[in-house]
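Undergrad: After the structure tokens below, expect a handful of questions from me.
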Amino acid sequence: MTLILKVNDLRINFRTYGGLVQAVRGIDFELHKGETLAIVGESGSGKSVSIRAILGILSNNAIIQSGEILYDGKDLTKVSEDDFHQIRGKRIGLIFQDPLSALNPIVRIGKQITEVLRLNQKMSRKAAKAKAIELMEIVGIPDAEIRFSQYPFQFSGGMRQRIVIAIALAGDPEILICDEPTTALDVTVQAKILEQINKIKAERNLSVIFITHDLGVVANMADRVNVMYAGKIVETGTSEEIFFKPAHPYTWALLSSMPDLQTTQRLLAIPGTPPNMIYPPKGDAFAARSHYALKIDYEQEPPFFKLSDTHYAATWLLHPKAAKNRMEIPEVLRERIERMKRSGALNG
Amino acid sequence: MTNVVIGITYGAIAGYYGGTADMIMMRFTEVLEGIPYVVMTILFMMIFGTGMFAIILALTATGWVGMASMIRTQFYRFKGREYVLASRTLGASDRSLIFRHILPNAIGPIITKAMLAIPFAIFSEAFLAYIGLGIQAPEPSIGVMLSDGQKMLLQFPYQTLYPALLISLLMIAFNLFANGLRDALDPTKRGEELMDHV
Amino acid sequence: MAESEYILEVKHLCQHFTSGSGKNKITVKAVEDVSFGIRHAETFGLVGESGCGKTTTGRTIIRLYDPSSGEVNFDGVNISGKMNNQLRKYLTENIAMIFQDPIESLNPKMTIQEIIGEGLKIRGVKDKAEIHRRVVEILNKVGLTDEHATRYPHEFSGGQRQRIGIARAMIIKPKMIIADEPVSALDVSIQAQVINLLNDLKEEMGLTILFIAHNLSVVKYFSDRIGVMYYGRLMEVAKGDDLYAKPLHPYTRALLSAIPEPNPITERTRQRFDYDPARDHDYSVEKPSMVEVEPDHFVYCSPSELEKYRKVIAQGAQ
């Protein structure tokens with residue numbers, strides 16, 4: 004598959020009153036054409052910050068300490084604001100979590116779409132309106148002709164998010180970045196929006212980066228997954244590998260701490276809270292909350308251990324020397340994986 | 099200070115109980131708000147003669163309205179907060195809710211406004227004296243000084259300068275004091291809070 | 051009077067909010083004709099999407115709002131009638147509420163000790179040492195320490211604040227707790243902590259719980275029976291397992307089909323159902339009502355739909 008985006012050893016800090024917050028502490032990943040990469044993590048993991056860096060929309064107190072983001076022959080960490088205008092919206096589109104704040108409340112939504120079209124592709128008014136209505140239909144807004152002249156407040160949350168998607172698509176981007184686009188929506192609406200994104204992605208052969216904390220959504224959308232914790236990627240692999248052969252204790256913890264519709268046993272809660280990123284812990288940041296931490300986890304950061312060409316996990320548990328101390332994945336999780344495989348076999 | 103107290107009570111009742119009581123009370127204040135205090139002063143002076151008493155009365159009569167309106171808004175803002183609801187479910191009495199929960203949180207802007215009422219009163223009084231209403235010489239008043247000073251502006255500019263400076267300083271001082279007081283009473287300003295949204 | 055098997059009985063509860071007057075009057079029927087019962091020491095989950103009325107139902111039961119019509123009985127006592135001191139005392143002694151927003155539900159100007167101790171003070175406990183002792187006791191129970199008592203809410207994380215909210219509700223030893231979306235605003239890993247805590251407390255203290263949430267997986271995990279609400283009405287009420295295995299109402303089926311499952315193999319090929327009341331029902335002639343289709347499984351349907359559902363159940367049993 005063709006590589007279209009590559010991030011190398013990205014480190015981002017924030018200047019705050021309390022000190023320097025190390026939000027992203029050295030991450031590497033790639034995005035290939037036509038694939039959906041999901042980035043999973045909780046608040047404080049650095050997932051949102053990394054993609055804001057890709058688009059150059061970090062807040063003023065952010066410093067890109069080091070690293071590169073290679074796209075289309077340029078390093079996005081060094082691109083000027085003017086040049087970003089060519090990229091943002093046109094080559095890389097962004098969909099945020101809250102559709103209400105992404106839309107201008109006093110401008111009709113038709114205009115918000117055509118504005119992007121005319122800016123990027125120099126269309127005439129008529130052509131832009133036709134294209135906008137076409138986009139609205141693609142994202143599934145009924146009665147597009149009529150709704151073209153309506154205001155954001157006349158739409159429900161799900162509809163607004165579709166408009167945001169339409170606006171993102173208007174720029175005809177190559178890459179679509181979605182930052183928790185369905186977290187604030189009802190589950191039935193979420194199902195429809197995700198379906199829409201998948202459909203559009205297939206039609207236009209888009210590459211998508213999808214950020215979420217919901218593992219169910221990841222299962223639905225992703226080809227590959229990066230699991231982030233405390234500013235680092237702790238595990239990366241294909242969707243199947245992450246769900247059926249998870250290797251890092253944090254991935255285990257995430258998978259076993261949320262009940263699915265068939266869970267009956269006690270949830271494996273992760274004790275404690277995410278670490279303070281001004282003084283990130285030495286070694287494996289998750290060690291303090293992990294049942295599986297080895298002594299070395301507290302001292303040295305684990306490197307990535309290869310499990311397959313696509314599957315890597317950064318945990319000392321995978322070191323050959325740890326073999327005799329290594330504990331198995333939690334019983335609860337193993338059972339769930341077995342269950343999933345069985346039901347997958349039935350339906351597949 | 100009287101207008102502060104009256105204003106607070108009035109606004110609190112209107113804001114807390116809402117509904118019809120609120121509507122009636124607010125209609126009344128809206129009528130009063132329309133009357134400028136200068137007119138009121140003149141009226142009162144016609145009745146009570148010149149001197150501090152008349153001025154105080156006039157300022158009070160019109161002043162409390164602003165305070166009441168603001169308190170009412172604050173109450174509406176805080177009435178539906180979840181922690182207020184939580185206390186209601188525990189069985190807290192109305193009085194307890196007003197004084198322990200709503201007021202301490204709403205007090206910030208109220209203190210600032212109350213503190214500013216003082217320099218405002220000073221300023222109003224000065225203004226009235228300046229235009230010839232209110233206190234006349236030889237009773238002391240910044241307004242009188244300004245007024246007299248104005249006559250001598252060309253020869254002795256400092257006569258206007260100093261009183262003007264004084265008023266400005268007084269107002270700034272009270273403003274800072276009010277802000278300081280508000281911050282001191284706010285426990286959330288103590289200690290660090292790190293809100294990362296990374 | 052026959053003794054009910056239910057400790058909480060909700061009968062035809064309606065909550066209508068009106069605004070405007072005369073010609074411009076708008077009535078929002080937030081809760082319409084809702085009836086259900088909760089048995090002693092049972093956990094009843096109330097689930098639905100935004101605007102379905104589940105939070106309003108919870109708040110009306112605990113009298114943060116006065117019901118527009120209908121009746122609510124707790125332990126045989128009518129708690130939906132005209133409010134007076136006696137009723138308020140009864141209500142606040144027996145039912146407590148846990149709120150959703152960990153930031154908003156704690157008064158930022160009060161210390162933890164004051165927040166948790168408020169319930170005791172209202173009950174008339176005056177001895178400061180006694181209050182402190184009981185506050186510390188409940189803090190330990192929810193996984194916090196003594197020294198947390200003198201701090202302010204802003205010094206705590208979301209998960210800890212929810213624990214404080216739980217402590218505040220539990221200290222008065224209520225018979226029933228209404229938990230209004232207690233974990234929705236928390237990070238995934240913290241949610242599990244709080245759910246486990248609630249489970250432990252539930253077992254230890256034999257609590258009856260009304261659990262309101264929009265995440266059906268969490269609700270099913272935590273509850274014995276579940277009620278599904280849609281735009282103010284209950285559509286289906288059943289035991290958790292029955293609801294999952296035999297969903298009858300088309301909305302329940304749509305809801306279940308929309309929940310993403312962390313299984314990449316099944317997710318890709320999943321069939322999702324849509325719910326459209328205009329299309330899925332014809333109530334022009336027959337009017338729907340809440341009917342018991344099989345033991346402890348109720349559905350809101352018309353007589354002909356009832357026929358259909360009974361057949362489905364019969365077939366499933368074979």
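Residue numbers (the working numbering), protein chains in the order written: chain A, 4 to 351; chain B, 99 to 296; chain C, 51 to 368. Glycine is no exception: its CB is placed at the ideal position from the N, C-alpha and C atoms.
Examine chain C for any beta-carbon lying closer than 9 Å to the beta-carbon of A/D287, and answer yes or no.
TA: The residue given as residue 287 of chain A occupies position 284 in the first sequence. Closer than 9 Å: no.
Undergrad: Go to A/L384, then tell me how far its alpha helix (DSSP H) extends in each direction, as first and last residue.
TA: Residue 384 of chain A falls outside the range modelled here, since chain A spans only 4 to 351, and no answer is possible.
Undergrad: Once you ignore the five residues that flank C/L96 on each side, which residues in its own chain have a CB closer than 6 Å to its CB?
TA: Numbered from 1 along the third sequence, position 46 holds the residue referred to as residue 96 of chain C. Once the five neighbours on either side are set aside, the close Cβ partners of C/L96 are K104, I262, G277.
Undergrad: According to a CB-to-CB cut-off of less than 7 Å, which residues of the region 155-181 of chain C neighbour chain B?
TA: Those would be S155, L156, N157, P158, K159, E168, G169, I172, in chain order.
Undergrad: In chain order, what residues of the same chain have a beta carbon less than 6 Å from the beta carbon of A/E244, not counting five sequence neighbours either side?
TA: Along the first sequence, read from residue 1 onward, the residue named residue 244 of chain A stands at position 241. Closer than 6 Å at Cβ, skipping near neighbours: H314.
Undergrad: Taking one C-beta from the region 63-75 of chain A and one from the region 151-168 of chain A each time, how about it: are there three or more such pairs within less than 8 Å?
TA: Not touching, per the Cβ criterion.
Undergrad: Nearest to C/L356 by alpha carbon, out of C/Q365, C/R218, C/P314, C/L298?
TA: The count along the third sequence starts at 1 and reaches residue 356 of chain C at position 306. Of C/Q365, C/R218, C/P314, C/L298, the residue nearest in Cα terms is C/L298.
Undergrad: In the region 222-269 of chain A, which residue ranges form an unbroken alpha helix (DSSP H) of at least 4 residues, counting only runs that do not cross its ends?
TA: As far as the region 222-269 of chain A is concerned, its whole alpha helix (DSSP H) runs of at least 4 residues are 242-247, 252-260.
Undergrad: If you draw a straight line from the C-alpha of A/D300 to the C-alpha of C/Q241, how long is it?
TA: As a position in the first sequence, residue 300 of chain A is number 297, starting the count at 1. As a position in the third sequence, residue 241 of chain C is number 191, starting the count at 1. Between A/D300 and C/Q241, the C-alpha separation is close to 26 Å.
Undergrad: Quick check: the Cα distance between B/G278 and B/L268, rounded to an integer number of angstroms?
TA: Counted from its first residue, the second sequence places residue 278 of chain B at position 180. Counted from its first residue, the second sequence places residue 268 of chain B at position 170. So the two alpha carbons sit approximately 15 Å from each other.
Undergrad: Quick one, which residues of the region 225-254 of chain C are near chain A if we go by CB-CB under 9 Å, in chain order?
TA: The region 225-254 of chain C vs chain A, Cβ under 9 Å: D237, V238, S239, I240, Q241, A242, Q243, V244, I245, N246, L247, N249.
Undergrad: Report the option in A/Q124, A/E334, A/G113, A/I60 whose CA atom is closest to the CA atom of A/I98.
TA: Sequence index remark: in the first sequence, residue 98 of chain A carries index 95 (1-based). Checked all of A/Q124, A/E334, A/G113, A/I60; the closest Cα to A/I98 is A/I60.
Undergrad: Grab me the residues of C/V287's own chain with a C-beta within less than 6 Å of its C-beta, minus the 5 sequence neighbours each way, in chain order.
TA: Stepping through the third sequence from its first residue, residue 287 of chain C is reached at position 237. Excluding sequence neighbours, C/V287 sits near F86, G277, F348.
Undergrad: Taking the alpha helix (DSSP H) that C/Y271 belongs to, which residues open and close that run?
TA: Translated into the one-based positions of the third sequence, residue 271 of chain C becomes position 221. It spans 266-272 - the alpha helix (DSSP H) in which C/Y271 sits, taken as one unbroken run.
Undergrad: What does C/A146 touch in chain D if you count any residue whose Cβ is under 8 Å from its own?
TA: No chain D is present in this structure, whose protein chains are A, B and C.
Undergrad: Taking DSSP as the reference, what is the three-state secondary structure of B/A184?
TA: The sequence position of residue 184 of chain B within the second sequence is 86, counting from 1. B/A184: helix per DSSP, three-state reduction.
Undergrad: Under DSSP, the beta strand (DSSP E) around C/T142 begins and ends at which residues?
TA: Locating residue 142 of chain C in the third sequence gives position 92, counting from the first residue. Run containing C/T142: none in the beta strand (DSSP E); it sits in the alpha helix (DSSP H), 135-144.
Undergrad: Quick one: which chain C residues come within Cβ less than 9 Å of B/Y260?
TA: Within the second sequence, numbered from 1, the residue matching residue 260 of chain B stands at position 162. Chain C residues near B/Y260: none, gap ~42 Å exceeds 9 Å.
Undergrad: For the region 114-127 of chain A against the region 190-204 of chain A, do three or more pairs of beta-carbon atoms, one drawn from each stretch, fall closer than 8 Å, so that the two count as touching?
TA: Flag = no, the region 114-127 of chain A and the region 190-204 of chain A do not touch.
Undergrad: Taking the C-alpha atoms as reference points, what is the distance between C/T319 and A/L8?
TA: Looking up residue 319 of chain C in the third sequence gives position 269. Looking up residue 8 of chain A in the first sequence gives position 5. Each residue's alpha carbon lies about 29 Å from the other.
Undergrad: Give the straight-line distance between the Cα atoms of C/L63 and C/S130, rounded to the nearest whole angstrom.
TA: Locating residue 63 of chain C in the third sequence gives position 13, where the first residue counts as 1. Locating residue 130 of chain C in the third sequence gives position 80, where the first residue counts as 1. Approximately 9 Å, taken between the alpha carbons.
Undergrad: Can you grab the Cα-Cα spacing for the pair B/R186 / C/L114, in whole Å?
TA: The count along the second sequence starts at 1 and reaches residue 186 of chain B at position 88. The count along the third sequence starts at 1 and reaches residue 114 of chain C at position 64. Straight-line Cα distance between these residues: approximately 7 Å.
Undergrad: Express the C-alpha separation of C/Y56 and C/G193 in angstroms, rounding to a whole number.
TA: Locating residue 193 of chain C in the third sequence gives position 143, where the first residue counts as 1. Locating residue 56 of chain C in the third sequence gives position 6, where the first residue counts as 1. So the two alpha carbons sit approximately 32 Å from each other.
Undergrad: Report the option in C/G290, C/E317, C/D332 whose CA atom is closest to the CA atom of A/T267.
TA: Position 264 of the first sequence, counting from 1, holds the residue named residue 267 of chain A. Of the candidates C/G290, C/E317, C/D332, the one whose C-alpha sits nearest the C-alpha of A/T267 is C/G290.
Undergrad: Is there a Cβ from chain A that is less than 9 Å from the Cβ of C/H204?
TA: Residue 204 of chain C sits at position 154 when you count from the first residue of the third sequence. So no, C/H204 is outside the interface.
Undergrad: Taking the continuous alpha helix (DSSP H) assigned at A/T117, which residues delimit it?
TA: Start at 1 with the first residue of the first sequence, and residue 117 of chain A comes out as number 114. A/T117 -> alpha helix (DSSP H) spans 112-124.
Undergrad: What does the Cβ neighbour count give for A/Q157, buried or exposed, with the cut at 16 atoms within 10 Å?
TA: Translated into the one-based positions of the first sequence, residue 157 of chain A becomes position 154. Label assigned to A/Q157: exposed.
Undergrad: Determine, using beta carbons only, whether C/Y140 and C/V127 come nearer to each other than 9 Å.
TA: Stepping through the third sequence from its first residue, residue 140 of chain C is reached at position 90. Stepping through the third sequence from its first residue, residue 127 of chain C is reached at position 77. Against a cut-off of 9 Å, the Cβ pair of C/V127 and C/Y140 comes out as a contact.
Undergrad: Anything in chain B within Cβ reach of C/K139, meaning under 9 Å, just list it in chain order.
TA: What you label residue 139 of chain C is simply residue 89 of the third sequence in a count that begins at 1. The answer, in chain order, is G189.
Undergrad: Is it buried or exposed for C/I145, if we count other Cβ within 10 angstroms and need 16 for buried?
TA: The sequence position of residue 145 of chain C within the third sequence is 95, counting from 1. Flag for C/I145 reads buried.
Undergrad: From B/S191 to A/S259, what distance separates their C-alpha atoms?
TA: In the second sequence, the residue the question calls residue 191 of chain B occupies position 93. In the first sequence, the residue the question calls residue 259 of chain A occupies position 256. B/S191 and A/S259: Cα-Cα distance of roughly 44 Å.
Undergrad: In the DSSP assignment, the beta strand (DSSP E) including A/V211 goes from what residue to what residue?
TA: By one-based count along the first sequence, residue 211 of chain A stands at place 208. Run containing A/V211: 210-215, per the beta strand (DSSP E) assignment.
Undergrad: Would DSSP call C/E99 helix, strand or coil?
TA: In the third sequence, residue 99 of chain C corresponds to position 49, counting from 1. Reduced to three states, the DSSP call for C/E99 is coil.
Undergrad: Based on the DSSP secondary-structure assignment, which residues constitute the bridge partners of C/V343?
TA: Within the third sequence, the letter at position 293 stands for residue 343 of chain C. For C/V343, which the question treats as bridged, DSSP gives no partner whatsoever.
Undergrad: Chain A beta carbons: is any one of them nearer than 9 Å to that of C/A212?
TA: On the third sequence, position 162 is the one that residue 212 of chain C refers to. According to the sequence provided, residue 212 of chain C is Gln. The question's Ala does not apply to it. No, its Cβ sits nowhere closer than 9 Å to a Cβ of chain A.
Undergrad: Can you give me the C-alpha to C-alpha distance between A/V220 and C/N246, rounded to a whole angstrom?
TA: To locate residue 220 of chain A, count along the first sequence from 1; it is residue 217. To locate residue 246 of chain C, count along the third sequence from 1; it is residue 196. Their Cα atoms are separated by approximately 24 Å.
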